[in-house]
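Trainee: Here's a structure for you.
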Amino acid sequence: MTSRGIFGGIAACTLALCVSSQPMNAFDIDSVDVDRGFLDDAMILTMPEGVVLNGSGQAIVANSVNMPPDPKIIGVALDHVGVIAAKPVLTVEPENAELAAELGLDRMYLVYLDGDSDSVEASAYLMMQTAGALEAEPVRVGQALTREDPSGPNDPDFPMQYSLNNVGQNVQGVVGAQDADIDAVEAWALTSGAGQVVIAVLDAGVSYDHPDLLQKLEDGFNSTGSGDVDDASDPYNSHGTHVAGIAAANSNNGVGMTGVSWGSPIMPVKIANPLGFTSDVWMGDGLVWAADNGASVVVISFGLDSGSSFLQAAVQYAHAQGVVICASSGNTGQPGVKYPAFYSETIAVGATDSMDNIAPFSTTGPQVTLTAPGVNILSTWDDAASSPGYRYQSGTSAAAPVVAGVAALVLSADPTMSPDEVRDVLKNSAQDLGAPGFDVQYGYGRVNANRAVALVLGIRVCPADVNLSGNVDFSDFAAWLDAYNNDRIEADQNDSDTVEPSDFSAFIANYNEGCY
Numbered sequence: 001m002t003s004r005g006i007f008g009g010i011a012a013c014t015l016a017l018c019v020s021s022q023p024m025n026a027f028d029i030d031s032v033d034v035d036r037g038f039l040d041d042a043m044i045l046t047m048p049e050g051v052v053l054n055g056s057g058q059a060i061v062a063n064s065v066n067m068p069p070d071p072k073i074i075g076v077a078l079d080h081v082g083v084i085a086a087k088p089v090l091t092v093e094p095e096n097a098e099l100a101a102e103l104g105l106d107r108m109y110l111v112y113l114d115g116d117s118d119s120v121e122a123s124a125y126l127m128m129q130t131a132g133a134l135e136a137e138p139v140r141v142g143q144a145l146t147r148e149d150p151s152g153p154n155d156p157d158f159p160m161q162y163s164l165n166n167v168g169q170n171v172q173g174v175v176g177a178q179d180a181d182i183d184a185v186e187a188w189a190l191t192s193g194a195g196q197v198v199i200a201v202l203d204a205g206v207s208y209d210h211p212d213l214l215q216k217l218e219d220g221f222n223s224t225g226s227g228d229v230d231d232a233s234d235p236y237n238s239h240g241t242h243v244a245g246i247a248a249a250n251s252n253n254g255v256g257m258t259g260v261s262w263g264s265p266i267m268p269v270k271i272a273n274p275l276g277f278t279s280d281v282w283m284g285d286g287l288v289w290a291a292d293n294g295a296s297v298v299v300i301s302f303g304l305d306s307g308s309s310f311l312q313a314a315v316q317y318a319h320a321q322g323v324v325i326c327a328s329s330g331n332t333g334q335p336g337v338k339y340p341a342f343y344s345e346t347i348a349v350g351a352t353d354s355m356d357n358i359a360p361f362s363t364t365g366p367q368v369t370l371t372a373p374g375v376n377i378l379s380t381w382d383d384a385a386s387s388p389g390y391r392y393q394s395g396t397s398a399a400a401p402v403v404a405g406v407a408a409l410v411l412s413a414d415p416t417m418s419p420d421e422v423r424d425v426l427k428n429s430a431q432d433l434g435a436p437g438f439d440v441q442y443g444y445g446r447v448n449a450n451r452a453v454a455l456v457l458g459i460r461v462c463p464a465d466v467n468l469s470g471n472v473d474f475s476d477f478a479a480w481l482d483a484y485n486n487d488r489i490e491a492d493q494n495d496s497d498t499v500e501p502s503d504f505s506a507f508i509a510n511y512n513e514g515c516y
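Residue 249 in my numbering sits at position 249 of the sequence shown, and the numbers go up by one each step.
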């Protein structure tokens, strides 16, 4: 291997100066890469404080109170693994520099390897053992978590959206169970989404031309290194357009269908190529950008088999910046929640069908937080093969934007809530399904928009939910008894506006009925 003159001398250097002329985060991902789970010609390095990499992959040592590793050793290791270019893994420097430094995001580099290098996993091991890299990992890759369903009619409307209002209608040949839905219509009586609560769709791009998304789209971002960084559309892949419509398509416009939080704007962030393949680099870069540019809720309907230090740091950054992150659990039908849904800062979403059964493809595991309808979900569609229209899709890809929409409704009711508070509201107001309480299939249950918003606003949608926990359980009996003994109005269960002995029998009836 030809020597490349790795060590360039001791000098002060900023991230802005240490960049490559190669397009930001540009690399190809194909089905072979996805099957492998990572790229074979790139990796992510986290360097110690005081060491930066310039665009040629040369180590430059900055002045630092901490003694960095010997730069000559770093140079030998970089040369041996075949580094030909390097750049900061984030396209745009984070707005919260202190938080980024704390998480190590300012010291993470995407490095490109030549074709003569050893296996990328061996190269990563060598960088950690000899060059002092704190982390050295392959670039993880994955794909959209959608399952193709037969295309539906091109002029669908709200009655086909059982996920929002299930009256037992026939959708794609399947008759649903009445009220196996998220009670969206009831929630809309309280809020339909606020203009300041922005939903970022991290996906393969969102159509700028679909009539149900017109005037909905905020300025976007393209983290894939292909084309203009401001161009977040893709005429060849409509996965993101489908996800965006589920979360927040226009309503009451006489066209097509409606989104869950139809008053919320959509921020398109392109993190995947036209084949629907993504990487931890593109995903994390887009996530940090969304967090810094006004996103309140993020939906990621993609999954990786493995996580990475960079992706985890990006998730932690967005969460600390106040962003609610909803991510698909996966479509394997087996244990093993995908990344980034695996991370505790996210809301991991599984899928149910029109009868509230767990979808057979929904990935299970202790990380699953909630489920939402994800089988035969109708939404916006626009690709090169057809004019803008609508299509049915199934997958946890379709379930995650349902939860993202409900999270946006919750924040519209109270925009001061933190991501953890929103998560708790969604958990406490969910419709418990499967085994009582938490289980690895349904998580805490199927999301319920009406209960969630009502819980935030202090409105009782479960008459026997005296303590306003979002569910009816034995603790409500003690709460009712205390209210009755102290003549408080919440003990009124028969709507007489007074507290009287007949409220006891009314409470028992309401308790047995549960929530509506």
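Glycine residues also receive a C-beta, built at the ideal position from the N, C-alpha and C atoms.
Gly240 and Asp212 - do their beta-carbons sit closer together than 8 Å?
Mentor: no
Trainee: Does DSSP put Thr498 in a helix, a strand or coil?
Mentor: The answer is coil: DSSP assigns Thr498 none of H, G, I, E or B.
Trainee: Tell me whether the beta-carbon of Val406 lies closer than 8 Å to the beta-carbon of Leu90.
Mentor: no
Trainee: Quick check on this structure: which residue in Glu186, Ala85, Met257, Lys87 has the alpha carbon closest to the alpha carbon of Ser379?
Mentor: Distance check between Ser379 and each of Glu186, Ala85, Met257, Lys87 places Met257 closest, using alpha-carbon atoms only.
Trainee: Using the C-alpha atoms, what's the distance from Asn485 back to Ala200?
Mentor: 49 Å
Trainee: Less than 8 Å between the beta carbons of Ala133 and Met355, yes or no?
Mentor: no
Trainee: Residue ranges of each alpha helix (DSSP H) run of no fewer than 4 residues wholly in the region 167-229, ordered along the chain?
Mentor: 184-188
Trainee: So does the region 187-194 actually touch the region 215-227, counting three or more Cβ pairs closer than 8 Å?
Mentor: no
Trainee: So, are the CB atoms of Gly365 and Gly395 less than 8 Å apart?
Mentor: Taking 8 Å as the Cβ cut-off, Gly365 and Gly395 do not qualify as a contacting pair.
Trainee: Specify whether the region 91-106 and the region 315-332 touch according to this definition: at least 3 beta carbon pairs, one from each stretch, less than 8 Å apart.
Mentor: yes
Trainee: Going by DSSP, what residue range makes up the alpha helix (DSSP H) through Gln312?
Mentor: That run of the alpha helix (DSSP H) goes 309-320.
Trainee: Can you find the residues in the same chain that come closer than 7 Å, C-beta to C-beta, to Met127, ignoring five residues on each side of it along the sequence?
Mentor: Leu45, Ala77, Val81, Ala133, Ala136
Trainee: Where Thr2 and Leu370 are concerned, what is the direct C-alpha to C-alpha distance, given to the nearest angstrom?
Mentor: Caution is warranted here: a pLDDT of 33 is assigned to Thr2, below 50, making its placement in the model unreliable, and the coordinate value is therefore given only provisionally. Those two C-alpha atoms are separated by around 54 Å.
Trainee: From this set, Leu214, Val229, Ala26, which residue's C-alpha is nearest Val92's C-alpha?
Mentor: Val229
Trainee: By Cβ distance below 7 Å, which residues in the same chain neighbour Val243 in space, the five residues on each side in sequence not counted?
Mentor: Val201, Asp203, Val299, Ser301, Ser397, Pro401
Trainee: For the alpha helix (DSSP H) that Ile266 lies in, which residues bound it at each end?
Mentor: First-last for Ile266: 266-270, but that is the beta strand (DSSP E), not the alpha helix (DSSP H).
Trainee: Just checking my contact of Val198 with Ser306 at CB under 8 Å: how many whole Å lie between their CB atoms?
Mentor: With a Cβ gap of about 30 Å, Val198 and Ser306 do not count as contacting.
Trainee: Within this structure, are the beta carbons of Tyr112 and Asp41 separated by less than 8 Å?
Mentor: yes
Trainee: When you compare each of Ile73, Phe477, Phe27 to Ala85 by their alpha carbons, which one comes out closest?
Mentor: Phe27
Trainee: With a threshold of 16 other CB atoms inside 10 Å of the CB of Pro150, please say whether the residue is buried or exposed.
Mentor: Caution applies to Pro150, whose pLDDT of 40 falls short of 50 and renders its modelled position unreliable; the model cannot decide the point.
Trainee: With a cut-off of 8 Å on the beta carbons, I'd call Phe507 and Ala464 a contact; round off their distance for me.
Mentor: Cβ-Cβ separation between Phe507 and Ala464: approximately 6 Å, consistent with a contact (criterion under 8 Å).
Trainee: May I have the straight-line CA-CA distance separating Gly50 from Gly322, to the nearest angstrom?
Mentor: Computed Cα separation, rounded: 30 Å.
Trainee: Compare the beta carbon distance of Ala384 and Tyr236 with 8 Å and say whether it is the shorter of the two.
Mentor: Yes; because the gap between Cβ atoms is below 8 Å, this pair is in contact.
Trainee: How is Phe277 classed by DSSP in three states: helix, strand or coil?
Mentor: strand
Trainee: Can you tell me whether Trp289 is helix, strand or coil according to DSSP?
Mentor: helix
Trainee: Taking C-beta to C-beta, are Arg107 and Phe38 nearer than 8 Å?
Mentor: no
Trainee: Skipping 5 residues on each side, what residues in its chain have a beta carbon closer than 8 Å to that of Phe438?
Mentor: Tyr444
Trainee: Which of the three DSSP states is assigned to Asp28 in this structure?
Mentor: coil
Trainee: Does DSSP classify Asp40 as helix, strand or coil?
Mentor: strand
Trainee: Please look up how many angstroms separate the CB atoms of Ala313 and Ala327, rounded, as I've assumed it's under 8 Å.
Mentor: No, Ala313 and Ala327 are not in contact; Cβ-Cβ is about 16 Å, not under 8 Å.
Trainee: Could you pull the start and end residues of the alpha helix (DSSP H) that Lys427 belongs to?
Mentor: 419-429
Trainee: Can Val461 and Asp476 be called in contact, C-beta distance under 8 Å?
Mentor: no
Trainee: Near Val171, what residues of its chain come up, given a Cβ to Cβ distance below 7 Å and the 5 sequence neighbours on each side ignored?
Mentor: Met160, Tyr162, Ser354, Asn376
Trainee: In the DSSP assignment, find the beta strand (DSSP E) that holds Pro88 and state where it starts and stops.
Mentor: 83-88
Trainee: Is Val466 helix, strand or coil by DSSP?
Mentor: coil
Trainee: Suppose you measure from the CA of Ser238 to the CA of Val120; what does that come to, to the nearest Å?
Mentor: Taking the straight line joining both Cα atoms gives about 32 Å.
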